[in-house]
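Student:
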Amino acid sequence: MNDTGIGARVRRKEDHRFITGKGQYTDDINLPKQTYAYFVRSPHAHATIKSINTAKAKKIPGVVGIFTGEDVAKDKLGGLICGWMIHSKDGSPMKAGPHPVLAQGKVRYVGDHVALVVAETKEIAKAAAAAVQVSYGVLPHVVDVADAMKSKAQIHEVAPDNRVFNWSIGDEAATDAAFRNAAHVTKIDLVNNRLIPNAMEPRAAIGSYDTGSENYTLYTTSQNPHVARLVISAFHGLAPEHKLRVIAPDVGGGFGSKIFIYAEEVACVWASKHIGGRPIKWTAERSESFLADAHGRDHVTHAELATDASGKIVGMKVHTKAAMGAYLSTFASCVPTYLYATLLSGQYNIPAIYAEVDAIYTNTAPVDAYRGAGRPEATYVVERIVETAARELKIDPAEFRRRNFVTSFPHQTPVIMCYDAGDYPAALDKALEIADYKNFGERKSASARKGKLRGIGFSAYIEACGIAPSAAIGSLGAGVGLWESAEVRVNPVGTVEILTGSHSHGQGHETTFAQLVSDRLGVDINNVSIVHGDTDKVQFGMGTYGSRSGAVGMTAISKALDKIEAKAKRVAAAVMEAAVDDVEFKNGSFTVKGTDKKMAFGEVALSAYVAHKFNSAEIEPGLKESAFHDPSNFVFPAGVHICEVEVDADTGVTTVANYVAVDDFGNIINPMIVEGQVHGGIVQGIGQALAEGCVYDKESGQLMTGSYMDYQMPRAADVPSFKLDFTCTPCPSNPLGMKGCGEAGAIASPAAVMNAVTDALGLRDVPMPATPQVVWKAMQPMKKAAE
Amino acid sequence: MENFNYVRPAKVADAVKAMKKAKDGKYLAGGHTLLPTLKQGLAAPTDIVDLSGLKNAGVKVGAKSVTIGAGTTHAEVAGSKDLRKAIPGLAKLAGGIGDPHVRHRGTIGGSLANNDPAADYPAAALGLGATIHTSDRKIPAEKYFTGMFSTALKGSEIVTAVEFPVPKKSGYAKFPNPASLYAMVGVFVAQLADGSVRVAVTGAGPGVFRAPELEAALAKNFSAKALDGIAVKAKGLNSDMHASAEYRAHLITVMAKRAVEAAK
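Respectively, the protein sequence lines represent chains A and B. Each residue of the first sequence is one higher than the one before, counting from 6 in this note's numbering. Each residue of the second sequence is one higher than the one before, counting from -16 in this note's numbering.
1. If you run the structure through DSSP and keep just helix, strand and coil, what is H225/B?
2. Have a look at L18/B and T59/A and give me their C-alpha separation to the nearest angstrom.
3. Do W172/A and I57/A count as a contact pair if the criterion is CB distance below 8 Å?
4. Do you know offhand how far K399/A's Cα is from K564/A's?
5. State yes or no: is the beta carbon of Y375/A nearer than 8 Å to at least one beta carbon in chain B?
6. According to a CB-to-CB cut-off of less than 9 Å, which residues of the segment 170 to 190 of chain B neighbour chain A?
7. Leaving out five residues before and five after F132/B in sequence, what residues of the same chain have Cβ atoms less than 8 Å from its Cβ?
8. According to the neighbour-count rule (16 or more other Cβ atoms, all chains shown, within 10 Å of its Cβ), is Y165/B buried or exposed?
9. Please name the residue in D194/A, V665/A and C648/A whose C-alpha comes closest to that of H794/A.
10. Distance, Cα to Cα, V323/A vs T335/A?
11. Can you check which of these residues, G45/B, A53/B, P83/B and L234/B, is closest to D65/B by C-alpha distance?
12. With a cut-off of 8 Å, does the C-beta of H249/B fall near any C-beta of chain A?
13. Could you tell me whether the segment 243 to 258 of chain A touches the segment 223 to 235 of chain A, using the rule of 3 or more Cβ pairs below 8 Å?
14. Secondary structure at M6/A, three-state DSSP: helix, strand or coil?
15. Only counting the same chain, and skipping five residues up and downstream in sequence, which positions put a Cβ closer than 7 Å to that of A135/B?
16. Do the CB positions of Y332/A and L107/A come within less than 8 Å of each other?
17. Chain B partners of W488/A, CB-CB under 8 Å?
18. With a threshold of 8 Å between beta carbons, is D715/A in contact with chain B?
19. Does the contact criterion of 3 or more C-beta pairs under 8 Å hold for the segment 509 to 527 of chain A versus the segment 450 to 467 of chain A?
20. Verify the CB distance criterion: does A162/B have a CB-CB separation below 8 Å to chain A?
21. Looking at V387/A: is its Cβ nearer than 8 Å to the Cβ of G351/A?
22. Which residue comes first and which comes last in the beta strand (DSSP E) that contains H116/B?
23. Going along the chain, which unbroken runs of the alpha helix (DSSP H) with 4 or more residues stay wholly within the segment 60 to 90 of chain B?
24. Which runs of the beta strand (DSSP E) at least 3 residues long sit entirely within the segment 569 to 657 of chain A? Give them in chain order.
25. What do you reckon, are the CB atoms on A426/A and G551/A nearer than 8 Å?
26. Is there at least one Cβ from chain A nearer than 8 Å to F158/B's Cβ?
27. Within 8 Å of any Cβ in chain A, is that where the Cβ of P83/B sits?
28. What is the rounded straight-line gap between the Cα of A144/B and the Cα of T369/A?
29. Can you give me the C-alpha to C-alpha distance between R120/B and L95/B, rounded to a whole angstrom?
30. Can you tell me whether M6/A is buried or exposed? The criterion is at least 16 other CB atoms within 10 Å of its CB, across all chains shown.
31. Measure how close the beta-carbons of I201/A and Y701/A come, nearest whole angstrom, since I'm counting them as under 8 Å.
32. Which partner residues of E489/A appear in the DSSP bridge assignment?
33. Residues of chain B with CB under 7 Å from M709/A, in chain order?
34. By the 10 Å Cβ neighbour count, where 16 or more other Cβ atoms means buried, how is P207/A classified, buried or exposed?
35. Let me know the alpha helix (DSSP H) ranges lying completely inside the segment 17 to 46 of chain B, each 4 residues or longer, listed in chain order.
36. Between which two residues does the beta strand (DSSP E) holding S153/B run?
What follows is the structure, encoded as structure tokens:
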């Protein structure tokens, strides 16, 4: 390992730019003759649009244009799509209602996009938006997924009972048989609370149309600019791909919410043509982010776990109602199905699993992937019910898990996934030791002496990421392949540019990708630059989400580096007048076996471009290679998290007293960045467990948690200093042996925290978020019983 | 945000005159409530009279009372060494308002004139039996707070200073709203020089109020133990998604105990 190679704790190259305020985010970019957009949004959860009168608003000086659903329809601009087809149990396709870029005839949630106002300044656009008169006919609405199938609110014509699909996975008959023969059945009802993503940078876009070249350009806060271009081109029909450039410059966090193709961004780039090509900038206000970013989670689940007399799990049944919100967002349908139910086996040997999922429309913001996407929901079900079963069977929860762990690989679960490698007992042992599990009783007593209730909770999670093998997901309904591409350009002076289809919005690719190059080519990381986020520069890419940039994106880079090395060897052989097979490349130098001939990597690069010393009929000049990598399997990070909480019985306040995470991410490029990813993920999970909960008012359908006054984000002071460690079983399906680390913390932690809270209170069920009031209320029956 | 006329007078009389002249004027102190409401378009005054030109900041600690100028920031109040000795509960309260940014900008006069039901200062003013000095008169706290965002201040009247009696002991305990961190329940307890006990509660109701049942118990025995089993009625308290009236009522007793334990 060189000091900036694989495994080194290199400081993030991009951070100086970010922390000195020199990042270039979409809102930092200003184009000549730029105008500003503001959206008229629905104040109602569900209503018909009777009329829209823009006359008064158009008269306001400085208004450049006002666009409504009628204009969108006139232009035949296609609607937003959901790119993953799910079929119901009965074989019928999912019921996708129309999702026009600007509402046509109906609005379906508070914040739904009704009209686009374009003006010389943002202030004028906002004032004019307020002057647009929309006459609504209010309809019945429903915001709770549990009630939506029985509601008289019908959100889309295609789905009379608001159900998008009724999907199933696993063998129902085999599972029923397992339950009939079981010694014990544990049942649990869980709500996976709806979350609002809250990326630090709100969504933003600048759309422009060049009247000369007839090219469109969209600057946008995207995790996957090529996918945005593909969808805007192929489905919205705005322009063919070669006439549309999408640029995602620095992006300040996404957590999934910036994967999707949203109406606002499309509207800006579309409308530019209608105002003579002037660029249109839109930057979401924070309130708009709350209202109109795709939310996460929102599941209501009933689960049952069957065990035999020896405490072995024999079967599991799960039924989940998953909210989709008012429209199907870009990847909404795959989240509660193939990213969720395929993980219901957890780390356990479960012979029979059957799960059924109802995806349901509600009059709320669309729900889609949010850090972990389906896998946090699966882990929450598995780890809460496993913990509850252990308690019911009076088996130590660590021991119960150990008894049921998968221990041989590959392991085919009953729900599609084939786990390739892992060592679950090793992570458990390490976590138990770091958490000092054996002395927990003493700590509990010490807390009791202070009047505090202490509890401990486990989460032995597994996830599938590094998404995804294209053929496999294609067979499951995906509309795209999820390979990745990379290009390596070696300059004549030996510096290297990596063009990648991955997109960094906080992950640190400029550092980790450079470390890979430094390791392979022996080049200083400061001589490596990472280019991403521009469809005119990068050949293609599927973007960053599903913890795929390491396992898939870096593997593509690695494959291109293989080609670079092979080509460079041929050049070096020619220059040094040796046979290619005799040339060796190590630590940045080419040598010829059995001689003292030697060329540095930079010299070979220069030779490749000068092209004087080889026959260019045999070797093409230049040193540039590209590769596409399609993974052969998902990767399966797993680990054990142990959380200890202290509950103040007087107030209901829960404090996370201790948090241990032992993760197996396979080989790690930069441990410091990985630890940062785990920290962030755990904090988001603690946020879900103890603080964050999106609330829509049942009566009015209004978003009650529409600002930080009411939506509680976790703060630095709310979390302890985490104790992290790793185990390593290298991933067999990629040459770097890497798994994925971006989502693991958020996947594992809610269950660990809630298992600790329920342990502290001695209660079976406490809902998330376990805010002080929720905990206090949960404790009231206990207190009454004690009195 | 709409346009407005802006003045920054140096004298109280000039500020009052400017306000009288304005069609729909607003005084600006720290601006922590006014500026967000302007930005959100929830308020559109014709005139802003900025009181920072009055330069009436300062904490004067006497033997029997402490007088704090209306323009004194929360950070200055919290940082006053003399105040920390004289009325530690008040200094602690000021040090726990908002965050450092807020504390270096927000003022005691602004907070009391606004009388947000979740503000901290009203608990200290009522809990200590303070006197509010204005451009026209002196108003006892008892009569000053008249309900949610409502005070005895008339038209162009300006708070100029607040006079607090020096108690034997005082303490403040706050249970913050988990999201906004405003007081969901804040309880100020004071044992005054004459031995009488006052307990004032902020955040829990539509405005600051005294808790007679807690005062009675503490008057007999100024200790946390004295509050065991004493329940505050939930009726009339605020109820929202963060805390029901019952939970707030429960927290009032808990916070009162903690305030007594912290009282110095």
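We treat Cβ as the ideally placed atom computed from N, Cα and C, and that holds for glycine.
Tutor: The relevant details are as follows:
1. In the second sequence, the residue the question calls residue 225/B occupies position 242. Residue state, collapsed to three classes: coil.
2. For the purposes of this step, residue 18/B is taken as residue 35 along the second sequence, with counting starting at 1. For the purposes of this step, residue 59/A is taken as residue 54 along the first sequence, with counting starting at 1. The straight-line gap from Cα to Cα measures roughly 30 Å.
3. For the purposes of this step, residue 57/A is identified with residue 52 of the first sequence, where counting begins at 1. For the purposes of this step, residue 172/A is identified with residue 167 of the first sequence, where counting begins at 1. Their beta carbons are not under 8 Å apart, which means I57/A does not touch W172/A by this criterion.
4. Taking the first residue of the first sequence as 1, we reach residue 399/A at position 394. Taking the first residue of the first sequence as 1, we reach residue 564/A at position 559. In a straight line, the C-alpha of K399/A is about 51 Å away from that of K564/A.
5. What you label residue 375/A is simply residue 370 of the first sequence in a count that begins at 1. It does not: the Cβ of Y375/A has no partner Cβ on chain B nearer than 8 Å.
6. none
7. Counting from 1 along the second sequence, the entry for residue 132/B is found at position 149. Result list for F132/B: N97, N98, D99 and P100, in chain order.
8. The sequence position of residue 165/B within the second sequence is 182, counting from 1. By the neighbour-count rule (16 or more Cβ atoms within 10 Å), Y165/B is buried.
9. Only positions 6 to 792 of chain A appear in the structure, and residue 794/A is not among them; the question remains open.
10. Your numbering for residue 323/A matches position 318 in the first sequence. Your numbering for residue 335/A matches position 330 in the first sequence. Taking the straight line from one Cα to the other gives about 25 Å.
11. Sequence index remark: in the second sequence, residue 65/B carries index 82 (1-based). Among G45/B, A53/B, P83/B and L234/B, the Cα nearest to that of D65/B is on G45/B.
12. Nothing about residue 249/B can be reported from this structure: the residues present for chain B run from -16 to 247 only.
13. yes
14. Reading the first sequence from its first residue, position 1 is the one you call residue 6/A. With a pLDDT of 49 at M6/A, under the threshold of 50, the modelled position of that residue is not reliable, and the figure given next carries that caveat. M6/A falls in the coil class under three-state DSSP.
15. Taking the first residue of the second sequence as 1, we reach residue 135/B at position 152. Closer than 7 Å at Cβ, skipping near neighbours: I122, K126, Y127 and T129.
16. Within the first sequence, residue 332/A is the residue found at index 327, counting from 1. Within the first sequence, residue 107/A is the residue found at index 102, counting from 1. Their beta carbons are not under 8 Å apart, which means Y332/A does not touch L107/A by this criterion.
17. Translated into the one-based positions of the first sequence, residue 488/A becomes position 483. Simply none; closest approach about 42 Å.
18. Taking the first sequence and counting its residues from 1, the one referred to as residue 715/A is at position 710. Yes, contact with chain B.
19. no
20. Within the second sequence, the letter at position 179 stands for residue 162/B. Output row for A162/B: interface = yes.
21. Numbered from 1 along the first sequence, position 382 holds the residue referred to as residue 387/A. Numbered from 1 along the first sequence, position 346 holds the residue referred to as residue 351/A. Taking 8 Å as the Cβ cut-off, V387/A and G351/A qualify as a contacting pair.
22. Looking up residue 116/B in the second sequence gives position 133. That run of the beta strand (DSSP E) goes T114 to T117.
23. 64 to 69, 71 to 78 and 83 to 86
24. 588 to 591, 594 to 597, 603 to 605, 629 to 634 and 643 to 653
25. Position 421 of the first sequence, counted from the first residue, corresponds to residue 426/A. Position 546 of the first sequence, counted from the first residue, corresponds to residue 551/A. For A426/A and G551/A, no; Cβs fall outside 8 Å.
26. Reading the second sequence from its first residue, position 175 is the one you call residue 158/B. Yes, because at least one Cβ of chain A sits closer than 8 Å to the Cβ of F158/B.
27. As a position in the second sequence, residue 83/B is number 100, starting the count at 1. Output row for P83/B: interface = no.
28. Taking the first residue of the second sequence as 1, we reach residue 144/B at position 161. Taking the first residue of the first sequence as 1, we reach residue 369/A at position 364. Distance between the alpha carbons of A144/B and T369/A is about 49 Å.
29. One-based indexing of the second sequence puts residue 120/B at position 137. One-based indexing of the second sequence puts residue 95/B at position 112. About 15 Å.
30. If you number the first sequence from 1, residue 6/A lands on position 1. Unreliable positioning characterises M6/A in this predicted model, as indicated by a pLDDT of 49, which lies under 50. A coordinate reading is not provided.
31. As a first step, residue 201/A must be located in the first sequence, where it is residue number 196. As a first step, residue 701/A must be located in the first sequence, where it is residue number 696. That belief does not hold up - the Cβ atoms of I201/A and Y701/A are roughly 11 Å apart, past 8 Å.
32. Residue mapping note: residue 489/A aligns to position 484 of the first sequence, counting from 1. DSSP, once it has assigned bridges, lists H634/A as partnering E489/A.
33. Taking the first residue of the first sequence as position 1, residue 709/A is located at position 704. By Cβ distance, chain B contributes M224.
34. Mapped onto the first sequence, residue 207/A falls at position 202. The residue in question, P207/A, is buried, as its Cβ has 16 or more Cβ neighbours within 10 Å.
35. 17 to 22
36. To locate residue 153/B, count along the second sequence from 1; it is residue 170. Note, S153/B: beta strand (DSSP E), K152 to P159.
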